[in-house]
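**Student:**
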Amino acid sequence: MNWKNPRLQTILMYGLLAIIALIMLFPLLWLISTALKSSTENILQSPPQLLPSQPTLENFSRVWKSLPFGQYIYNSSLVALLTVGLNLLFCSLAAYPLARLSFVGRDWIFILIVSTIMIPFQIVMIPLYILTVQIGLRNSYLGMIFPSLASAFGIFLLRQAFMSVPKEIEEAARLDGSSELGLWWDIMLPAIRPALATLAIFVFIGSWSDFLWPLIVIQDENLYTLPLGVAKLAGTFSLDWRLVAAGSIISIAPVLILFLFLQRYIVPTDSGSGVKG
43 MNWKNPRLQT ILMYGLLAII ALIMLFPLLW LISTALKSST ENILQSPPQL LPSQPTLENF
103 SRVWKSLPFG QYIYNSSLVA LLTVGLNLLF CSLAAYPLAR LSFVGRDWIF ILIVSTIMIP
163 FQIVMIPLYI LTVQIGLRNS YLGMIFPSLA SAFGIFLLRQ AFMSVPKEIE EAARLDGSSE
223 LGLWWDIMLP AIRPALATLA IFVFIGSWSD FLWPLIVIQD ENLYTLPLGV AKLAGTFSLD
283 WRLVAAGSII SIAPVLILFL FLQRYIVPTD SGSGVKG
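So this is what it looks like as structure tokens:
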């Protein structure tokens with residue numbers, strides 16, 4: 043067997059990637075299988091059975107009727123979308139001057155911002171909660187959004203993206219009379235769309251799956267997000283794993299849809315395509 047054969051190498055590479063993908067997807071496949079199993083099937087049998095013998099959507103129906111999952115989806119969607127929008131706005135406004143403007147202490151400010159990534163959320167959780175209560179945001183949508191208005195990772199990511207934009211584009215815009223705000227909005231933001239899409243996905247996933255902070259700041263069940271709803275579901279049905287699996291599928295489906303929609307934007311772009319030598 044000729045191991046240097048390009049076709050053989052390609053087959054082996056794709057075979058290895060397929061095995062790795064299957065290993066990574068197996069928990070998701072098992073979750074879907076559990077959600078589709080009927081009440082007559084033993085989900086804990088040995089050896090385990092991946093494919094349900096009698097697939098049914100009854101578990102999804104029971105979950106949807108037992109708890110207000112529609113309200114939970116609305117709450118999670120509102121919080122996640124507002125968090126994404128505000129994060130992109132504030133992070134880009136902070137990253138632009140750190141990347142393109144010159145002022146005293148710029149590098150030290152950036153270093154201080156990035157260093158906060160090393161601080162665990164659990165350390166600042168109590169001061170954040172006290173501040174949230176003091177400004178009257180406890181038990182509200184804004185209270186859930188408050189800690190995620192901006193992030194050091196987002197500022198770092200967008201700063202690096204801004205720095206990759208050629209200076210010729212910026213200089214041409216200034217010659218055309220563009221203001222600093224107009225330059226940020228009309229030139230810089232379109233040039234870093236892949237970075238914005240990447241940050242949007244990270245922020246959406248983080249906000250959508252956040253459990254700890256909403257659990258602390260929310261007491262009204264009408265404001266529960268999906269993670270809190272799934273946790274309540276587990277307690278309501280005394281850990282009926284079929285229903286918990288169905289609720290989990292409902293919870294992660296929007297994240298998968300968002301990723302499939304935005305993945306085409308996460309590609310390298312030639313920011314200097316409009317610059318001719």
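Residue numbering for the sequence shown is 43 to 319, as defined by our numbering.
Yeah, the Cβ is synthetic: ideal placement off N, Cα and C, and Gly gets one too.
Which residue's Cα is closest to the Cα of I74: L285, Q305, I299 and T158?
**Tutor:** Your numbering for residue 74 matches position 32 in the sequence shown. The shortest Cα separation from I74 among L285, Q305, I299 and T158 belongs to L285.
**Student:** L345 to I187, Cα distance in whole Å?
**Tutor:** As displayed, the chain neither begins before 43 nor continues past 319, which places residue 345 out of reach and without an answer.
**Student:** Can you tell me where the alpha helix (DSSP H) holding D282 begins and where it ends?
**Tutor:** Taking the first residue of the sequence shown as 1, we reach residue 282 at position 240. Segment: none, D282 is in no alpha helix (DSSP H) and carries neither H nor E.
**Student:** Going by CA-CA distance only, name the one from S80, Y116, P94 and R49 that's closest to S71.
**Tutor:** As a position in the sequence shown, residue 71 is number 29, starting the count at 1. In the sequence under discussion, the amino acid at residue 71 is Leu, which differs from the Ser named in the question. Answer by Cα proximity: P94.
**Student:** Using only the alpha-carbon positions, how far apart do F152 and L140 sit?
**Tutor:** Numbered from its first residue, the sequence shown carries residue 152 at position 110. Numbered from its first residue, the sequence shown carries residue 140 at position 98. About 7 Å.
**Student:** Hey, L199 and A237 are a contact pair by Cβ (cut 8 Å); roughly how many whole angstroms apart?
**Tutor:** As a first step, residue 199 is located in the sequence shown; it is residue number 157 there, counting from the start. As a first step, residue 237 is located in the sequence shown; it is residue number 195 there, counting from the start. With a Cβ gap of about 6 Å, L199 and A237 count as contacting.
**Student:** Tell me where the alpha helix (DSSP H) around G147 begins and ends.
**Tutor:** By 1-based counting over the sequence shown, the position of residue 147 is 105. Here G147 belongs to no alpha helix (DSSP H), and DSSP marks it neither H nor E.
**Student:** Going by other Cβ atoms of all chains shown within 10 Å of its Cβ, with 16 needed for buried, is M55 buried or exposed?
**Tutor:** Here residue 55 corresponds to residue number 13 of the sequence shown, with the count starting at 1. The residue is exposed, with fewer than 16 neighbouring Cβ atoms inside 10 Å.
**Student:** Is the separation between the beta-carbon of S249 and that of P269 shorter than 8 Å?
**Tutor:** On the sequence shown, residue 249 is found 207 positions in, with the first residue counted as 1. On the sequence shown, residue 269 is found 227 positions in, with the first residue counted as 1. For S249 and P269, no; Cβs fall outside 8 Å.
**Student:** Are A77 and A295 close, meaning C-beta to C-beta below 8 Å?
**Tutor:** Along the sequence shown, read from residue 1 onward, the residue named residue 77 stands at position 35. Along the sequence shown, read from residue 1 onward, the residue named residue 295 stands at position 253. No, the Cβ-Cβ distance between A77 and A295 is not below 8 Å.
**Student:** Please name the residue in A192, V297, P208 and G224 whose C-alpha comes closest to that of L130.
**Tutor:** Start at 1 with the first residue of the sequence shown, and residue 130 comes out as number 88. Nearest of A192, V297, P208 and G224 to L130, Cα basis: A192.
**Student:** Any idea what DSSP makes of G178, helix, strand or coil?
**Tutor:** Numbered from 1 along the sequence shown, position 136 holds the residue referred to as residue 178. G178: coil per DSSP, three-state reduction.
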